[in-house]
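Heads up: the structure comes next, in structure tokens.
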Amino acid sequence: MSEEIKEKSLNFIEEIVVADLKSGKHSGRLLTRFPPEPNGYLHIGHAKSICLNFGLTQDYGGGTNLRFDDTNPVTEDTEYVESIKNDVKWLGFNWVNEYYASDYFDQLFKFAKKLITKGLAYVDDSSSEEMAALKGTPSQPGTDSPYRNRSIDENLQLFESMANGEFKEGSKVLRAKIDMASSNMLMRDPIIYRIKFAHHHRTGDKWCIYPMYDFAHGQSDSIEGITHSICTLEFVSHRELYDWFLEKLEIFPSRQYEFARLNLTYTVMSKRKLLQLVNEKYVTGWDDPRMPTISGMRRRGYPAKAIVDFCDRIGIQKRDNLIDVSLLEFFVRENLNKTATRVMAVFNPLKVTITNFPTEVGSIECTLENNPEIPESGSRSLNFTKELWIEKDDFMENPPNKYFRLSPGKMVRLKGAFIIQCDEVVHDENGEVTELKCSYIPTSKSGQDESGIKVKGVIHWLPATESIEAEIRMYERLFKVEDPSSEEGDFKDFINEDSLVTIKAYVEPTLPSFDGETRFQFIRNGYYAPDLDSTPEKLIFNKTVGLKEGFKI
RNA sequence: UGGCUGAUGGUGUAAUGGCAACACAGAGGUUUUUGGUGCCUUUAUUCCAGGUUCGAGUCCUGGUCGGCCAACCA
């Protein structure tokens, strides 16, 4: 095997990992984690993080934990836990451990008391307004809280009482005692525990105090022995605090590294905004095929591999980015081109009557290949009959130059069947074309063409009486502007009202026999996937993505 | 008027002091029983000003512009 090993350039995090492994840091151990908060569904931005974290340990050894960052019981729910696990698995990744920050509540409580004991935390009775007022601004230092110098004993006692439910929600918090004049706002005595009389999805009513993110995340990393804790750029300023806690608590020094989150054109990526779209019914749910969620993309028909390939291609960097959604669509098409079963569907039927059809025959069986990219994929049959449907767009009475579909007097091949010639155009009283009378060339059958006729155009068709109806959900981008979040005003003002158009179409009669996992290419049209709600009795297809458009009139 | 962070074609990503490359998007051609696919060609890039160096996208200095930071969210 002297295969040329292509030199892959490493992203900056891989470089760090490789260097750490080489230097023997943590005895060469590598452990990452993917830490979602179970308060929403995963989206394509999370996929980037998933591919990074799991990809690192796939490439360099070690493992990745799935850890739910469930420190805020009022927004979190097991529904989200289940969807997140399902989505990670669907993308093709396996975690070594499933953990919850709430698993560490007892330990975190002890850590807090240790901080108090070291004189590094205190209970503050200030209201949130008072605290905000004393916090200062990024360019002006804050002021010490009047409660900042309580004794260690008093703090310990007060904190225990907080945990025992002796104080009202919002009346007291535990704060780290750091530096109210720090240029980093997060170091100005951050709140580390607050009172919430809320039912937690895992710990139930055991606690009425819950740690803040900053007091849970780094410690959870440390407890698990995470070597590389990877997060997005907005956490850069949290790193100083992250390190401070680990140092003062004298626990395993996990390290945090930050990369730029993914932004995609014509969509929004914050969970807050996505939740709003769901709650306010702009979409049908988290898994609406227009959503940038993993479940939405899955429902739309995006293959997991296309998403992973996309994430590999966009790379990992620290600069803000806005990636063209057409790059994602490229990977979807690339994948589906190799896997989708080719079938024919007619969206806007125009009747074609074959005037010279041998009526004594009834129908002529034609054989169509399932996928030209995969010769072994086999074939299926479709009947060529006297009355057919073709697409309205495939006929023009007065065609422009270079239009090589059907027009009066011209010939075209019906895909997988015969060459036909348009002899007569039938109009209604408004001048609309209602029917084409055509003759077919009996010797031109696909695969055994002896006619010697060469035609430029090939169009799709269906037997009029044998094709069946299906509901087609046509999706377009959810927003009318490239970057809804950066526009002035409410992002919802830029929603594309035509992002879902439901239509009826005719499809081949064999379609009900395929299972729900089959991905289709409606020839010359696009890729389509059976919707979750589709049944053999009522077929429903989601438009995954269109084919690249060539000729435009 | 603070701190942190970043800047390479239209969009992304590489080049680790030595010919600025790859993908997507765009344009053109070719093949094709999908105006798809494949194949070929092509347009277009180092934020600015100095400096170091034989040589700078890369190193240094100073600017400019962008992003993040003042939730009892994560």
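With our numbering applied, the first sequence covers 1 to 553.
We put the CB at the ideal spot given by N, CA and C, even for glycine.
Because the structure is a prediction, the values reported are computed rather than measured.
Any non-hydrogen atom of the ligand NAD closer than 7 Å to residue i Cβ
i	result
LEU30	As presented, the structure is devoid of all ligands, the ligand NAD included, so that no description of it is given.
Chain-order list of residues whose beta-carbon lies under 7 Å from that of residue i (same chain, five-residue window excluded)
i	result
ILE50	PHE34, VAL88, LEU91, PHE93
LEU414	ILE420, ILE459, TRP461
PRO211	THR71, LEU108, ILE192, TYR193
VAL236	GLU258
LEU10	VAL18
ASP320	ALA260
ASP394	ARG405, LEU406, ILE459
For residue i, the three-state DSSP class (helix, strand or coil)
i	result
LYS124	The sequence given here has Asp at residue 124, not Lys. ASP124: strand per DSSP, three-state reduction.
PRO349	strand
ASN337	helix
GLY204	strand
ARG413	strand
ALA133	helix
MET297	helix
PRO358	coil
GLU537	coil
GLU329	helix
VAL455	coil
VAL96	coil
ALA101	helix
VAL283	coil
PHE551	coil
Run of the beta strand (DSSP E) containing residue i, from where it starts to where it stops
i	result
THR232	228-232
PHE259	255-259
LEU322	Element bounds for LEU322: n/a, residue is neither H nor E.
SER222	No beta strand (DSSP E) contains SER222, which is instead part of the alpha helix (DSSP H) from 213-224.
PHE384	379-384
ARG313	Looking at the DSSP string, ARG313 is not in any beta strand (DSSP E); the run it does join, the alpha helix (DSSP H), is 304-314.
LEU368	364-369
GLU373	Per DSSP, GLU373 belongs to no beta strand (DSSP E) and is neither H nor E.
First through last residue of the alpha helix (DSSP H) which encompasses residue i
i	result
TYR80	78-90
LYS110	105-117
TRP244	239-249
ASN279	271-279
Cβ shell of residue i (< 8 Å), same chain only, five flanking positions each side left out
i	result
SER377	THR341, GLU369, ASN370, ASN371
LYS6	For LYS6, the pLDDT reaches just 49, beneath the cut-off of 50, and the residue's location in the model is therefore unreliable, although a value from the coordinates is still provided. Contacts found: none.
LYS357	Looking at the sequence provided, one finds Phe at residue 357 rather than Lys. Counting only Cβ-Cβ distances below 8 Å, and skipping sequence neighbours, we find THR385, LYS386, TYR440.
ILE13	LEU52, LEU56, HIS228, ILE230, TYR257, PHE259, ILE316
SER171	ASP125, ILE195
Contacting residues, own chain, Cβ-Cβ under 6 Å from residue i (five flanking each side not counted)
i	result
PHE331	ALA306, ASP309, PHE310
ARG261	GLY45, THR232
THR353	GLU387, LYS437
GLY546	GLY526
ILE16	none
ARG524	HIS460
LEU158	VAL123
THR355	LYS437, SER439
Beta-bridge pairing of residue i - partner residues as DSSP gives them
i	result
GLY546	GLY526
PHE395	LEU406
LEU462	TRP389
PHE479	ILE495
LEU264	ILE323
GLN448	Paired residues: none, contrary to the question.
MET474	VAL501
VAL343	PHE522
Beta strand (DSSP E) runs wholly inside the region 418-442, at least 3 long, in chain order
419-427, 433-440
Please give me, in chain order, every unbroken run of the beta strand (DSSP E) with length at least 3 that falls completely inside the region 167-194.
The qualifying runs are 173-176.
Alpha helix (DSSP H) runs contained entirely in the region 1-73, provided each spans 4 or more residues:
12-23, 44-60
Let me know the beta strand (DSSP E) ranges lying completely inside the region 487-519, each 3 residues or longer, listed in chain order.
500-507
Please specify which runs of the alpha helix (DSSP H), each continuous and at least 4 residues long, are wholly inside the region 139-164, giving them in chain order.
152-163
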